[in-house]
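Participant: Following this note's numbering, the numbering of the sequence shown begins with 31 at its first residue and continues without gaps. Ideal Cβ positions, reconstructed from N, Cα and C, are used throughout, including at glycine. Below is the structure I would like to discuss, written out as structure tokens.
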Amino acid sequence: MYSEKVMDHFTNPRNVGEIEDASGVGTVGNAKCGDIMRMYLDIDENGIIRDCKFKTFGCGAAVATSSMATELVMGKTIQEALQVTNKAVMEALDGLPPVKVHCSLLAEEAIHAALWDYAEKHGIKIEGLEKPKSDIHEGEEDGAEEY
Numbered sequence: 031m032y033s034e035k036v037m038d039h040f041t042n043p044r045n046v047g048e049i050e051d052a053s054g055v056g057t058v059g060n061a062k063c064g065d066i067m068r069m070y071l072d073i074d075e076n077g078i079i080r081d082c083k084f085k086t087f088g089c090g091a092a093v094a095t096s097s098m099a100t101e102l103v104m105g106k107t108i109q110e111a112l113q114v115t116n117k118a119v120m121e122a123l124d125g126l127p128p129v130k131v132h133c134s135l136l137a138e139e140a141i142h143a144a145l146w147d148y149a150e151k152h153g154i155k156i157e158g159l160e161k162p163k164s165d166i167h168e169g170e171e172d173g174a175e176e177y
């Protein structure tokens with residue numbers, strides 16, 4: 031069962047779209063469920079996120095977590111945005127069903143991927159930022175999968 035906040039962000043997503051000439055763009059996906067999330071950041075010369083938009087192909091929870099993630103990073107510094115975890119996204123949405131927790135991981139990774147792109151474009155290193163995975167299941171052992 032989804033919370034009212036999840037339903038609200040799914041039916042009325044905030045910050046949908048693209049930012050032309052974005053400071054950083056990050057795209058991540060989940061091959062197991064087919065969700066793809068792209069995050070656009072507009073970062074000013076002081077390292078403040080002026081604008082954040084997203085495009086997500088996926089389920090309602092993926093749209094809701096994308097929407098909430100943009101709300102959580104808007105107006106933040108790069109370092110503050112880096113601290114936005116999947117747990118913070120889930121808490122801001124009043125929780126997610128266990129089978130949808132991966133959507134919040136996608137949101138966290140999309141933020142990191144966009145910050146990584148920003149750092150690459152500007153030739154800087156962001157303390158605490160590691161190269162993001164393009165698929166959140168990268169590095170997991172291929173065991174028995176459900177079909």
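Within 10 angstroms of its Cβ, does Asp-124 collect 16 or more other Cβ (buried), or is it exposed?
Facilitator: Exposed, since its Cβ has fewer than 16 Cβ neighbours within 10 Å.
Participant: Beta carbon of Leu-136, beta carbon of Asp-65: below 8 Å?
Facilitator: Against a cut-off of 8 Å, the Cβ pair of Asp-65 and Leu-136 comes out as a contact.
Participant: Can you check which of these residues, Thr-107, Lys-83, Asp-51, is closest to Asn-76 by C-alpha distance?
Facilitator: Of the candidates Thr-107, Lys-83, Asp-51, the one whose C-alpha sits nearest the C-alpha of Asn-76 is Thr-107.
Participant: Between which residues of its own chain and Gly-173 is the CB-CB distance below 8 Å, once the five residues before and five after are set aside?
Facilitator: Confidence at Gly-173 is low in this model, with a pLDDT of 38, below 50, so the placement of that residue should be treated as unreliable; the coordinate-derived value is given next. Hits under 8 Å: none found.
Participant: List the DSSP bridge partners of Lys-85.
Facilitator: In the DSSP output, where bridge partners are listed per residue, Lys-85 has Arg-68.
Participant: So the candidates are Val-129, Gly-90, Val-58; which of them puts its Cα closest to the Cα of Trp-146?
Facilitator: Checking every option, the nearest Cα to that of Trp-146 belongs to Val-58.
Participant: Specify the secondary structure class of Asp-74 as computed by DSSP and reduced to three states.
Facilitator: Coil, per DSSP.
Participant: Report the residue ranges of all beta strand (DSSP E) runs contained in full by the stretch 77 to 143; include only those spanning at least 3 residues, in chain order.
Facilitator: 79 to 87, all fully within the stretch 77 to 143.
Participant: Report yes if the C-beta distance between Lys-83 and Glu-121 is below 8 Å; otherwise report no.
Facilitator: The answer is no: Cβ separation not under 8 Å.
Participant: Hey, how far is the Cα of Gly-54 from the Cα of Ser-33?
Facilitator: Going by the C-alpha atoms only, they are around 31 Å apart.
Participant: Got a sec, what are the start and stop residues for the beta strand (DSSP E) Val-58 sits in?
Facilitator: Its beta strand (DSSP E) spans residues 54 to 60.
Participant: Rounded to a whole number of angstroms, what is the C-alpha to C-alpha distance between Glu-110 and Glu-157?
Facilitator: In a straight line, the C-alpha of Glu-110 is about 11 Å away from that of Glu-157.
Participant: On a Cα-Cα basis, can you pick out the residue from Phe-40, Glu-139, Met-104 that is closest to Thr-115?
Facilitator: Among Phe-40, Glu-139, Met-104, the Cα nearest to that of Thr-115 is on Glu-139.
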